[in-house]
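**Q** 68 is the number that numbering that gives the first Met the number 0 gives to position 69 of the sequence shown; each next residue is one higher, with no gaps.
Submitted below is the structure of interest, expressed as structure tokens.
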Amino acid sequence: MKQRYLGLLAGVCTFTVSLLMWWHGGIIPWDQHRLSVLLDQPQTAGTITHIPQLMVSALKDHQTDRATIHEEPETANTITRIHGSKHLMVSAFKDHRRNGAIRVISIIKRQDLQELYCVLCVHNNARTKGDGALSQCVSSKAQVEIHRDHFGFPYGTSDVFCTSPSIKATHVSISTHSNAIESLKYLPIHNKEMKESFKYSFTVCISNLFGEYNNALQFVQTMEVYKLIGIQRVVIYNSSCGPDVEKVLKHYSKEGTMEVVPWPIDKFLKPSHGWQPAQSPGDLHYYGQLTTLNECIYRYMYQSRYLLLNDIDEIIMPYKHKSLGDLMDTLQKQHPASGVFNIENHIFPKTQFDDSGRFSRPEWKSVPGLNILEHIYREPDRKNVMNPTKMIIDPRRVEQTSVHTMLKHFGPAIKVPFDVCHIIHVRVPLQGHLHKDQLYEDKKLWEFEEKLIPNINHALNESGLLLKSAT
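Right under this line is the structure:
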């Protein structure tokens, strides 16, 4: 037994000496800093880390998985816990307006904010999805900016800024320690290049689906109206929805009109169902609505010329132009320095119906949800009450948004006159005491009847929601 032990020890020593001689001989440069990474020794923030693959595989306690970028598919990794903290990170983007700083969209627990560090790395093969080797990493102190609109909830939408002057980083992670490189999960960095031409002219950012939302008919009608006035893409963040809306999402995704971003915020926090902690307690405002709106801005910053920021039951409708394109051409000529256009919200009560029954179509009776074409009456303005707004924006001219206003942007924000454009919002009334003759008749949606009705039926049929007898 003793001879076997001595023989094994001699073999290990011989292998180790040979490995170090080979390494030191110039094939892989070695120094104490590189070894400290593998042995989890403290490092100085801001130094570059090289992780040689041979050394990683030679040390059993620090095998290859300790020196790889763990990057799950984007659809499964939309929310990631920040290492050593209660905070969350969502996605990372290079911000060319901030001298190339990396902006990590995050959710920070406001009262538990400790010092955070950025770990920026270069992927050996940045075009390859999945796990890949880290060739260089640099760590530095992060700058955290919590958005001022958090409505008093414990967690708030935030930007964590990272800089990497010494490397062209492809991935980033956030940690409470500057030397926890190997155990982190990394986000790919998007928007690495600026673009002046865009795939889409108009994209709608819809912040959240939750609570098994199943208003399928209104959803389809809204989508088809938007397509007729110039929308080419809709982005929706989905926490949960009902079975019929799920079918609709699949149809529009297959069609190429929609991107559905999984948003499992309830797996990490207790989200509020509202915007006031006293009435709807929770960790985070309205299922993270502000986070998803800000994420959408950066996700589509170089994909779409304009973004519309509104809810799923709202339609931003031009009234003096045939399309959103014509509207924005006019507004930009009038206000060339502006990139934020506020659009008034107006309520069309779902309790008041058109008396003619013109759009009470039998094939839609079995589809769950509101038929917005039946609700043509608009509430009047309330005295001393300002109508809330949603926005059409040039995403390259904004930095941070709230729900109804932009928090940080370049150039003036313009309030678009009501008669030029306003929101059609079919929902429960805000002035339920008013009778029909006290409301304004607004049949704008009826102007699209010729193309709209067959398009709605086609979408419902493709989604499997029309009865066979109706098709």
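Virtual Cβ for every residue (Gly too), placed ideally from N, Cα, C.
Give, in chain order, every unbroken run of the beta strand (DSSP E) that is at least 3 residues long and sits entirely within the region 172-242.
**A** Counting whole runs of 3 or more residues, the region 172-242 contains the beta strand (DSSP E) stretches 186-189, 199-208 and 232-237.
**Q** Which of helix, strand or coil does DSSP assign to Thr79?
**A** On the sequence shown, residue 79 is found 80 positions in, with the first residue counted as 1. Reduced to three states, the DSSP call for Thr79 is strand.
**Q** If contact is defined by three or more beta carbon pairs under 8 Å, each pair taking one atom from either stretch, is the region 420-436 in contact with the region 311-320?
**A** As far as the Cβ criterion goes, the region 311-320 touches the region 420-436, which means the pair count is three or higher.
**Q** Run through DSSP, which three-state label would Val366 get?
**A** Within the sequence shown, numbered from 1, the residue matching residue 366 stands at position 367. Here Val366 sits in coil by DSSP.
**Q** If you draw a straight line from the C-alpha of Leu289 to the C-alpha of Lys93, how long is it?
**A** Within the sequence shown, numbered from 1, the residue matching residue 289 stands at position 290. Within the sequence shown, numbered from 1, the residue matching residue 93 stands at position 94. Cα to Cα, Leu289 sits roughly 20 Å from Lys93.
**Q** By DSSP's criteria, Asn456 is part of a beta bridge. Which residues make up the other side?
**A** To locate residue 456, count along the sequence shown from 1; it is residue 457. Paired residue(s): none; Asn456 is not in a bridge.
**Q** Taking the straight line between their C-alpha atoms, what separation do you get for Thr404 and Ile413?
**A** The sequence position of residue 404 within the sequence shown is 405, counting from 1. The sequence position of residue 413 within the sequence shown is 414, counting from 1. Rounded to whole angstroms, Thr404 to Ile413 spans 11 Å at the Cα level.
**Q** Are Ile101 and Ile205 close, meaning C-beta to C-beta below 8 Å?
**A** Indexing the sequence shown from 1 puts residue 101 at position 102. Indexing the sequence shown from 1 puts residue 205 at position 206. It is not a contact, given that the beta carbons lie outside the stated cut-off.
**Q** Here's the rule: buried if 16 or more other CB atoms are within 10 angstroms of the residue's CB, otherwise exposed. What is Ser138?
**A** Here residue 138 corresponds to residue number 139 of the sequence shown, with the count starting at 1. Answer is buried; the Cβ neighbour count reaches 16.
**Q** Please classify Gly338: does DSSP put it in a helix, a strand, or coil?
**A** Here residue 338 is taken as the residue at index 339 of the sequence shown, counted from 1. If DSSP states are grouped into helix, strand and coil, Gly338 belongs with coil.
**Q** Going by the DSSP bridge assignment, what does Met390 pair with across the sheet?
**A** The residue labelled residue 390 in the question sits at position 391 within the sequence shown. DSSP output for Met390 lists Leu308 and Asn341 as bridge partner(s).
**Q** Can you tell me whether Ser163 is buried or exposed? The criterion is at least 16 other CB atoms within 10 Å of its CB, across all chains shown.
**A** Residue numbering aside, residue 163 sits at position 164 when the sequence shown is read from its first letter. Buried, because 16 or more other Cβ atoms sit within 10 Å of the Cβ of Ser163.
**Q** By the DSSP assignment, the beta strand (DSSP E) with Tyr154 in it spans what residues?
**A** Position 155 of the sequence shown holds residue 154. Tyr154 to Cys161 is the extent of the beta strand (DSSP E) around Tyr154.
**Q** Go ahead and pull the three-state DSSP assignment for His403.
**A** Reading the sequence shown from its first residue, position 404 is the one you call residue 403. Of the three classes helix, strand and coil, the one that applies to His403 here is coil, per DSSP.
**Q** Helix, strand or coil for Lys435, going by three-state DSSP, please let me know.
**A** Counting from 1 along the sequence shown, the entry for residue 435 is found at position 436. Three-state result, Lys435: helix.
**Q** Name the two residues that bound the continuous beta strand (DSSP E) containing Gln142.
**A** For the purposes of this step, residue 142 is taken as the residue at position 143 of the sequence shown. Per DSSP, Gln142 belongs to the beta strand (DSSP E) from Gln142 to Ile145.
**Q** Between Ser462 and the rest of its own chain, which residues show a CB-CB distance below 6 Å, the 5 nearest in sequence each way excluded?
**A** Numbered from 1 along the sequence shown, position 463 holds the residue referred to as residue 462. The answer, listed in chain order, is Lys246, Val247 and His250.
**Q** Since Ile391 and Met327 are thought to touch, with beta carbons under 8 Å apart, how far apart are those beta carbons, to the nearest angstrom?
**A** Within the sequence shown, numbered from 1, the residue matching residue 391 stands at position 392. Within the sequence shown, numbered from 1, the residue matching residue 327 stands at position 328. That pair is a contact at about 7 Å.
**Q** Would the region 198-213 and the region 302-313 be scored as touching if the rule is three or more Cβ pairs under 8 Å?
**A** They touch, by the three-pair rule.
**Q** When the Cα atoms are used, what is the spatial distance from Ile455 to Arg381?
**A** Counting from 1 along the sequence shown, the entry for residue 455 is found at position 456. Counting from 1 along the sequence shown, the entry for residue 381 is found at position 382. Approximately 34 Å, taken between the alpha carbons.
**Q** CB-CB under 8 Å to Gln113, same chain, minus the five flanking residues each way: which ones, in chain order?
**A** The residue given as residue 113 occupies position 114 in the sequence shown. Correct list, in chain order: Ser84 and Thr175.
**Q** Under the DSSP definition of a beta bridge, which residues are partnered with Leu115?
**A** In the sequence shown, counting from the first residue as 1, residue 115 sits at position 116. Looking at the DSSP assignment, Leu115 forms no beta bridge with any residue, so it has no partner.
**Q** To the nearest angstrom, how far is it from the Cα of Thr388 to the Cα of Phe160?
**A** As a first step, residue 388 must be located in the sequence shown, where it is residue number 389. As a first step, residue 160 must be located in the sequence shown, where it is residue number 161. So the alpha carbons of these two residues sit roughly 29 Å apart.
**Q** Tell me the rounded alpha-carbon separation between Glu378 and Phe218.
**A** On the sequence shown, position 379 is the one that residue 378 refers to. On the sequence shown, position 219 is the one that residue 218 refers to. Approximately 22 Å, taken between the alpha carbons.
**Q** Please return the same chain residues whose Cβ sits closer than 7 Å to the Cβ of Ser238, not counting the five positions on each side in sequence.
**A** On the sequence shown, position 239 is the one that residue 238 refers to. So the list reads Asn207, Leu208, Phe209, Trp262, Pro263, Ile264, Asp265 and Tyr286, once near-sequence residues are dropped.
**Q** From Gly255 to Asn383, what does the alpha carbon distance come to, in whole angstroms?
**A** Here residue 255 refers to the residue found at position 256 of the sequence shown. Here residue 383 refers to the residue found at position 384 of the sequence shown. If you take the alpha carbons of Gly255 and Asn383, they lie about 44 Å apart.
**Q** Roughly how many whole angstroms lie between the Cα atoms of Asn386 and His345?
**A** Locating residue 386 in the sequence shown gives position 387, counting from the first residue. Locating residue 345 in the sequence shown gives position 346, counting from the first residue. Roughly 7 Å separates the two Cα atoms.
**Q** Does the region 182-197 come within contact of the region 219-233, defined as at least 3 CB pairs closer than 8 Å?
**A** These segments do not touch.
**Q** Classify Leu465: buried if its beta carbon has 16 or more other beta carbons within 10 angstroms, exposed otherwise.
**A** For the purposes of this step, residue 465 is identified with residue 466 of the sequence shown, where counting begins at 1. When all chains shown are included, Leu465 counts as buried.
**Q** Taking all protein chains shown into account, decide if Glu343 is buried (16 or more other Cβ within 10 angstroms of its Cβ) or exposed.
**A** Translated into the one-based positions of the sequence shown, residue 343 becomes position 344. Burial call: buried.
**Q** Quickly, what does DSSP pair Lys93 with across the bridge? List them, please.
**A** For the purposes of this step, residue 93 is taken as the residue at position 94 of the sequence shown. Paired residues: Ile101.
**Q** Quick one: what's got a C-beta closer than 6 Å to Asp353's C-beta in the same chain, skipping five residues either side?
**A** For the purposes of this step, residue 353 is identified with residue 354 of the sequence shown, where counting begins at 1. So the list reads Glu373 and Ile375, once near-sequence residues are dropped.
**Q** What residue range does the beta strand (DSSP E) around Ile315 cover?
**A** Residue numbering aside, residue 315 sits at position 316 when the sequence shown is read from its first letter. Unbroken beta strand (DSSP E) run through Ile315: Glu313 to Pro317.
**Q** Could you spell out where the alpha helix (DSSP H) holding Met327 opens and where it closes?
**A** Within the sequence shown, numbered from 1, the residue matching residue 327 stands at position 328. Where Met327 is concerned, the enclosing alpha helix (DSSP H) stretches over Leu323 to Gln333.
**Q** Nearest-angstrom Cα distance between Lys269 and Leu283?
**A** What you label residue 269 is simply residue 270 of the sequence shown in a count that begins at 1. What you label residue 283 is simply residue 284 of the sequence shown in a count that begins at 1. Looking at the two C-alpha atoms, the distance is approximately 7 Å.
**Q** Quick one: what's got a C-beta closer than 7 Å to Asp148's C-beta in the same chain, skipping five residues either side?
**A** Taking the sequence shown and counting its residues from 1, one reaches residue 148 at position 149. Leu289, Ser401 and Leu406.
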